[in-house]
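**Student:** Numbering (my numbering), first residue to last: 37 to 268.
Note that the Cβ used here is the ideal one computed from N, Cα and C, for glycine as well.
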Amino acid sequence: MTSREALPPTSVRDVVGFPWRDASLTTVFAAAIFLISVPVFFQAPLVRDLPGVSLVGTIVWAWLSLYLAQQPNTRNWGSLLTGFTWTWLAGSLYWGWLRWEPLWHLPIEAIALPIALVGIQRNWCKVGQFFYLGSLLGTAVTDLYFYAVDLMPAWRDLMQATPEQTESIFRTAIAQMNTPWGWLWVGICGSFLLIIGLWGFRHPSLHWRAFSGAVLSTILVDGLFWVAALLA
37 MTSREALPPT
47 SVRDVVGFPW
57 RDASLTTVFA
67 AAIFLISVPV
77 FFQAPLVRDL
87 PGVSLVGTIV
97 WAWLSLYLAQ
107 QPNTRNWGSL
117 LTGFTWTWLA
127 GSLYWGWLRW
137 EPLWHLPIEA
147 IALPIALVGI
157 QRNWCKVGQF
167 FYLGSLLGTA
177 VTDLYFYAVD
187 LMPAWRDLMQ
197 ATPEQTESIF
207 RTAIAQMNTP
217 WGWLWVGICG
227 SFLLIIGLWG
237 FRHPSLHWRA
247 FSGAVLSTIL
257 VDGLFWVAAL
267 LA
């Protein structure tokens, strides 16, 4: 028997599943950053125009996460997608129907917090639950910045503005941000997220790397939105 014949047969599932195998600290960290940053720009237009479709999409993510979590080779990826499912659900609900009131933002984003805490206590989908907590922490710090710099009125106006009105609203908001007080809070919030994110990164475990990726990517997403506001 040749060495080629001695090899076990390769199934389609083995080939397709190769990128999912053996989740490492690096790949989970990178995936957490991707799941926070890239889908924001995909879900935002979807939930604005088709909020019902975005909400139904939660079912798809939930099914996929549970399916992967039940497979030996993909359980960590399924766990991570479980946390992503919570963020997708919250984003669909808030940005689809409640985006006109910023005071509802954090409570809606925290809708799955009890499930995440129970999941951590019972060691169920721990990677995803920590990813969700990191995302929620980033959201809370971002909202804190909006409160501190008094950007909530601009938030409300922007959610109800016509395309012709958005430029003046952005201009007013940027003027408030581009002050010593605004820059002070940029430093406070950014430093806090950076410290917490790097602290989580130091822990050599998949769930802490997922947490770290979610926290640190908040800085990236907020920075991109700030640049977009400057260019608007």
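(1) Does the beta-carbon distance from G174 to A250 come in below 8 angstroms?
(2) Label R245 either buried or exposed according to how many other C-beta atoms from any shown protein chain fall within 10 Å of its C-beta, with 16 as the threshold for buried.
(3) Expressed to the nearest angstrom, what Euclidean distance is found between the alpha-carbon atoms of G259 and I144?
(4) When DSSP labels each residue in this structure, what does D186 get in the three-state scheme?
(5) Per DSSP, what kind of secondary structure is C225 in: helix, strand or coil?
(6) Using CA atoms only, rank isn't needed, just tell me which of L102, S128, T63 and W136 is closest to R192.
(7) Helix, strand or coil for E145, going by three-state DSSP, please let me know.
(8) For A126 and G218, what's the separation of their Cα atoms in angstroms?
(9) Just how far apart, CA to CA, sit L267 and F70?
(10) Answer yes or no: do L252 and N112 have a C-beta to C-beta separation smaller than 8 angstroms?
(11) Go ahead and label I310 buried or exposed: buried means 16 or more other beta carbons lie within 10 angstroms of its beta carbon, across all protein chains shown.
(12) Less than 8 angstroms separating the beta-carbons of G88 and S101?
(13) Assign H243 to one of three DSSP states: helix, strand, or coil.
(14) Can you tell me whether E137 is helix, strand or coil according to DSSP?
(15) Hey, how far is the Cα of M188 from the Cα of H239?
(16) Would you decide whether F247 is buried or exposed? Buried here means 16 or more other CB atoms lie within 10 Å of its CB.
(17) Roughly how many angstroms lie between the CA atoms of T202 and Q196, to the nearest whole one?
(18) Should Y130 and A152 be called a contact, given that it needs their Cβ atoms to be closer than 8 angstroms?
**Tutor:** Let me lay it out:
(1) yes
(2) buried
(3) 23 angstroms
(4) coil
(5) helix
(6) W136
(7) helix
(8) 28 angstroms
(9) 24 angstroms
(10) no
(11) Residue coverage of the chain in this structure runs from 37 to 268, which leaves residue 310 outside it and unanswerable.
(12) no
(13) helix
(14) coil
(15) 36 angstroms
(16) buried
(17) 9 angstroms
(18) no
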